[in-house]
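> I have a structure here, written as structure tokens, and I will follow up with some questions on it.
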Amino acid sequence: MEPFKITLSNEATLTGLVNAGSGPAILPNRLPLIVCLHGGTYTSRYFHVDASHTASSVSNSLGVPLVAINRPGYADSTSFYPIPQGSSYPQEYGIWLHRYILPAIWAEFGEPRGCNCIVLHCHSLGSTGAIIAASMHAASEPIEATYPLAGLVISGFGSQPSGEAYKPQGDETTITFPPKVKDSIMLQQGCADSSIYQYTEELNHGMPVEEIGDVHTAWFPRWKEWAGNVKAPVMAAVAQDDVMWKGTREHINDFGSAFTGSERVDTSVVIGAPHNMEMSYWATGWYTRSFGFALECAASFAHKNQSST
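Below is the structure:
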């Protein structure tokens, strides 16, 4: 994957990684652009750790282009701080995705490659803003839409946390996990190739306290409202051995049931998998399922547009 840097319409900078997808040709009007949104304490490299642990393998096999962004405030991407009074971290993240980031990505990487839609692949806390953006997109008039959203894929997130709400320590503004602690929570030993653990410290990135704190104070009180507004198809999976979320069928069904306006909702429990599925032994299978879902979304999106003309 190659690094990119673009300027958004609000003059902010967005950085990340892009892979053109060098596999077999797919009809342009059925080709999705997959946009990957990392979780807290990671960057776009979560989706491209090294040549052996990367989403680009499936991207190339299927010929589906892929963009993994550094979310606002991560790496060299501009932050949306300060958060306006009355708003929250997930809300500002969602607003930036909908108004600035996704329109720019579509114009830069989607249309020029002959794609017909965007499908979001979200991990963990990267999911909050994606759901809000999808909610905002669904409320837009077709003539106002500046990017075509056709689906969401979600992992490492849900409606039933397995632990207590995080409480900031003193004047703490940024959270950074010690490498061994991080692995014990997100990628337990035995769940991934041993070579990947050498990158834990290299991939570590500070996370704003509000990113996790606002999940409990601002996200959970309203999340069903946002999820219920989403019209695009959704595929969500919870890892059975996720330390941060309940890895049960009851949980993922509860989460999926909130997407009442979605055209399609697929949910599953990935048996034995850890929180960081995209870095684990389950990565290739999960990516293949995600990209396959995206291809189905692209075909359905094209069919729906043909039927309406």
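Residue numbering for the sequence shown follows my numbering, starting at 392 and increasing by one per position. Using N, Cα and C, we set each Cβ at its ideal position, and we do this for glycine too. In this text, all values refer to a predicted model and were calculated from it rather than measured experimentally.
1. Quick check on the DSSP output: the beta strand (DSSP E) that includes P456 runs from which residue to which?
2. Secondary structure at C688, three-state DSSP: helix, strand or coil?
3. Does N401 pass the burial test, meaning 16 or more other C-beta atoms within 10 Å, or should it be called exposed?
4. Anyone know if the C-beta pair for Q482 and I522 falls short of 8 Å?
5. Whole angstroms is fine: what's the gap from H607's alpha carbon to G619's?
6. Buried or exposed for R436, going by 16 or more other Cβ atoms inside 10 Å?
7. Is G652 closer than 8 Å to V625 when the C-beta atoms are compared?
8. Just reading off the beta strand (DSSP E) that N410 is part of, what are its end residues?
9. Within 10 angstroms of the Cβ of A442, are there 16 or more other Cβ atoms? Answer buried if so, exposed if not.
10. So, are the CB atoms of D605 and Y480 less than 8 Å apart?
11. What do you get for Y484, buried or exposed, if any count of 16 or more other CB atoms within 10 angstroms of its CB means buried?
12. Exposed or buried, what is V572 when buried is set at 16 or more other beta-carbons lying within 10 Å of its beta-carbon?
13. Using 8 Å for Cβ pairs, my map puts P394 next to L408. What's the rounded Cβ distance?
14. Buried or exposed: Y465, going by 16 or more other Cβ atoms within 10 Å of its Cβ?
15. Using beta carbons (cut-off 8 Å, strictly below), is R680 in contact with chain D?
16. Could you tell me whether the Cβ atoms of A525 and C688 are closer together than 8 Å?
17. Do you know offhand how far D562's Cα is from E555's?
18. Are the region 664-678 and the region 442-459 touching by the rule of at least three beta carbon pairs closer than 8 Å?
19. Would you report the Cα separation of A459 and V440, rounded to the nearest angstrom?
20. With DSSP collapsed to three states, give me the class of E593.
21. Classify E669 as buried or exposed, calling it buried when 16 or more other Cβ atoms lie within 10 Å of its own Cβ.
22. Look up L493 in the DSSP assignment and give the residues it is bridged to.
23. Report the partner residues of S546 according to the DSSP bridge assignment.
24. With H666 and I576 assumed to form a contact (beta carbons below 8 Å), what rounded beta-carbon distance in angstroms separates them?
25. With DSSP collapsed to three states, give me the class of F568.
26. On the criterion of 16 or more Cβ atoms from any shown chain inside 10 Å, does K637 qualify as buried, or is it exposed?
27. To the nearest angstrom, how far is it from the Cα of A630 to the Cα of E602?
Short version:
1. To locate residue 456, count along the sequence shown from 1; it is residue 65. No beta strand (DSSP E) holds P456; DSSP gives it neither H nor E.
2. Looking up residue 688 in the sequence shown gives position 297. If DSSP states are grouped into helix, strand and coil, C688 belongs with the helices.
3. Taking the first residue of the sequence shown as position 1, residue 401 is located at position 10. It counts as exposed.
4. For the purposes of this step, residue 482 is identified with residue 91 of the sequence shown, where counting begins at 1. For the purposes of this step, residue 522 is identified with residue 131 of the sequence shown, where counting begins at 1. Taking 8 Å as the Cβ cut-off, Q482 and I522 do not qualify as a contacting pair.
5. Locating residue 607 in the sequence shown gives position 216, where the first residue counts as 1. Locating residue 619 in the sequence shown gives position 228, where the first residue counts as 1. Going from the Cα of H607 to the Cα of G619 covers about 19 Å.
6. Residue numbering aside, residue 436 sits at position 45 when the sequence shown is read from its first letter. With 16 or more Cβ atoms within 10 Å of its Cβ, R436 is classed as buried.
7. In the sequence shown, the residue the question calls residue 625 occupies position 234. In the sequence shown, the residue the question calls residue 652 occupies position 261. In this structure, G652 does not lie closer than 8 Å to V625 by Cβ.
8. Start at 1 with the first residue of the sequence shown, and residue 410 comes out as number 19. Here the beta strand (DSSP E) through N410 covers 404-410.
9. Here residue 442 refers to the residue found at position 51 of the sequence shown. Classification of A442: exposed, given that the 10 Å Cβ count is below 16.
10. Position 214 of the sequence shown holds residue 605. Position 89 of the sequence shown holds residue 480. Yes, the pair counts as a contact, with Cβ atoms nearer than the cut-off.
11. In the sequence shown, counting from the first residue as 1, residue 484 sits at position 93. The residue in question, Y484, is buried, as its Cβ has 16 or more Cβ neighbours within 10 Å.
12. Against the sequence shown, residue 572 aligns to sequence position 181. Burial call: exposed.
13. As a first step, residue 394 is located in the sequence shown; it is residue number 3 there, counting from the start. As a first step, residue 408 is located in the sequence shown; it is residue number 17 there, counting from the start. Between L408 and P394 the Cβ distance is about 6 Å, and since that is below 8 Å, they are a contact.
14. The sequence position of residue 465 within the sequence shown is 74, counting from 1. Y465 comes out buried.
15. Protein chains in the displayed structure number just one, and chain D is not present.
16. Against the sequence shown, residue 525 aligns to sequence position 134. Against the sequence shown, residue 688 aligns to sequence position 297. For A525 and C688, no; Cβs fall outside 8 Å.
17. If you number the sequence shown from 1, residue 562 lands on position 171. If you number the sequence shown from 1, residue 555 lands on position 164. Cα to Cα, the separation comes out at about 20 Å.
18. yes
19. Within the sequence shown, numbered from 1, the residue matching residue 459 stands at position 68. Within the sequence shown, numbered from 1, the residue matching residue 440 stands at position 49. Near 12 Å, if we compare the C-alpha coordinates of V440 and A459.
20. Numbered from its first residue, the sequence shown carries residue 593 at position 202. E593: helix per DSSP, three-state reduction.
21. As a working mapping, residue 669 is identified with position 278 in the sequence shown. Counting Cβ neighbours within 10 Å, E669 comes out buried, since at least 16 surround it.
22. For the purposes of this step, residue 493 is taken as the residue at position 102 of the sequence shown. In the DSSP output, where bridge partners are listed per residue, L493 has none listed.
23. Start at 1 with the first residue of the sequence shown, and residue 546 comes out as number 155. According to DSSP, which records beta bridges pairwise, S546 is partnered with H514, A628.
24. Translated into the one-based positions of the sequence shown, residue 666 becomes position 275. Translated into the one-based positions of the sequence shown, residue 576 becomes position 185. Going by Cβ atoms, the distance from H666 to I576 rounds to 7 Å, so yes, they are a contact pair.
25. Along the sequence shown, one-based indexing puts residue 568 at 177. Residue state, collapsed to three classes: coil.
26. Numbered from 1 along the sequence shown, position 246 holds the residue referred to as residue 637. K637 comes out buried.
27. As a position in the sequence shown, residue 630 is number 239, starting the count at 1. As a position in the sequence shown, residue 602 is number 211, starting the count at 1. Straight-line Cα distance between these residues: approximately 22 Å.
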